[in-house]
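Here it is, written out as structure tokens:
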């Protein structure tokens with residue numbers, strides 16, 4: 005992404021009145037520092053191109069992100085993912101990984117680093133998801149969490165097929181560290197995607213599952229990003245004001261193994 009493109013993206017987000025929820029009701033605290041574990045959420049020092057996302061991360065309601073919301077009964081396995089933005093050779097980028105094709109759940113599917121909360125992560129209603137997102141990213145990609153600045157938390161969402169209640173945690177890769185596959189049994193590859201490719205209409209489509217479910221998809225880095233991950237990316241792109249008109253009638257069929 006060129007400097008001019010980045011400037012246009014930032015300017016496009018300046019007039020957005022609605023955005024991504026900074027913290028959902030009952031979710032992790034929107035700011036401050038957890039003295040015991042050193043977990044902080046702050047927007048201080050973010051690059052200008054992330055301003056639209058940071059501003060957006062303050063007001064969205066859960067239903068603006070997805071129609072799949074956590075059960076009111078409290079059922080579901082609490083988990084978190086790290087939505088990590090960095091800067092690469094082509095400008096702003098997003099860290100993704102591809103799950104191993106041998107896994108029972110979401111095999112071969114590109115995703116954000118993340119997973120279920122462990123007891124040592126702490127309170128699931130406060131800073132537990134923050135710690136879990138960083139811990140899982142380190143375990144799955146080798147990421148050094150000390151180089152990550154957490155700047156927002158989105159409302160909890162739900163993945164019905166696996167019964168996961170997922171908290172997306174927004175991060176800025178302030179000090180990049182080497183990443184790669186840590187355990188081939190869990191991860192097939194780790195890669196970054198330029199934001200410019202995610203906003204390019206030529207790389208966008210609607211994924212159609214045999215069950216009838218449809219949702220946004222991105223064809224980037226020799227991968228088809230769909231499902232929960234694509235849905236979160238789609239909403240970030242939209243509410244940050246980065247979205248460009250794309251052909252929603254363009255369809256990519258999925259099979260029953262997806």
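Residue numbers (this note's numbering): 5 to 262. In this text, a Cβ means the ideal position worked out from N, Cα and C, and glycines have one as well.
Among the options, whose alpha-carbon lies nearest the alpha-carbon of residue i?
i, options, result
"residue 229", "197, 244, 246", "197"
"residue 54", "257, 95, 76, 100", "95"
"residue 162", "67, 49, 258, 62", "67"
"residue 252", "208, 213, 226, 91", "208"
"residue 98", "240, 258, 212", "240"
"residue 143", "165, 91, 85, 158", "85"
"residue 77", "167, 125, 114, 113", "167"
"residue 90", "183, 224, 235", "183"
"residue 139", "157, 130, 118", "118"
"residue 1", "186, 211, 187, 156", "No answer is possible for residue 1: the residues shown for the chain start at 5 and end at 262."
"residue 206", "51, 56, 255, 70", "255"
"residue 225", "80, 126, 52, 201", "201"
Tell me whether residue i sits in a helix, a strand or coil according to DSSP, three-state version.
i, result
"residue 33", "Because the pLDDT at residue 33 is just 42, under 50, the model does not fix this residue reliably, and the point stays unresolved."
"residue 65", "coil"
"residue 184", "coil"
"residue 248", "coil"
"residue 156", "strand"
"residue 219", "strand"
"residue 129", "coil"
"residue 253", "coil"
"residue 26", "At residue 26, the pLDDT of 33 sits below 50, so the modelled position is not reliable and the matter cannot be decided from this model."
"residue 151", "helix"
"residue 74", "coil"
"residue 258", "coil"
"residue 124", "helix"
Quick one: give me the first and last residue of the alpha helix (DSSP H) that residue i is part of.
i, result
"residue 199", "199 to 202"
"residue 51", "Premise fails: residue 51 is in no alpha helix (DSSP H) and is neither H nor E."
"residue 232", "231 to 243"
I think residue i touches residue j, with their Cβ atoms under 8 Å apart; what is that distance to the nearest whole Å?
i, j, result
"residue 176", "residue 203", "Wrong, their Cβ atoms sit about 18 Å apart, outside the cutoff."
"residue 128", "residue 82", "5 Å"
"residue 136", "residue 121", "5 Å"
"residue 222", "residue 170", "Their Cβ separation, rounded to whole angstroms, is 19 Å, which puts residue 222 and residue 170 out of contact at 8 Å."
"residue 72", "residue 164", "6 Å"
"residue 249", "residue 234", "Not really, about 18 Å apart at Cβ, beyond 8 Å."
"residue 131", "residue 43", "5 Å"
"residue 87", "residue 172", "5 Å"
"residue 2", "residue 192", "Look at the range of the chain in this structure, 5 to 262, and you will see that residue 2 is not part of it."
"residue 58", "residue 47", "5 Å"
"residue 257", "residue 212", "5 Å"
"residue 189", "residue 102", "Actually they do not touch by this definition, with Cβ atoms about 13 Å apart."
"residue 134", "residue 64", "With a Cβ gap of about 19 Å, residue 134 and residue 64 do not count as contacting."
Residues bridged to residue i by DSSP?
i, result
"residue 191", "103"
"residue 98", "89, 197"
"residue 82", "169"
"residue 205", "Paired residue(s): none; residue 205 is not in a bridge."
"residue 115", "101"
"residue 227", "224"
Considering just the uninterrupted stretch of the beta strand (DSSP E) at residue i, what are its terminal residues?
i, result
"residue 171", "168 to 177"
"residue 134", "From DSSP, residue 134 is part of no beta strand (DSSP E) but of the alpha helix (DSSP H) over 132 to 145."
"residue 165", "Neither: residue 165 is in no beta strand (DSSP E) and is coded neither H nor E."
"residue 210", "208 to 212"
"residue 118", "118 to 120"
Within 9 Å (strictly less), CB to CB, does residue i reach chain C?
i, result
"residue 145", "The chain labelled as chain C is not found in the depicted structure, where only one protein chain is given."
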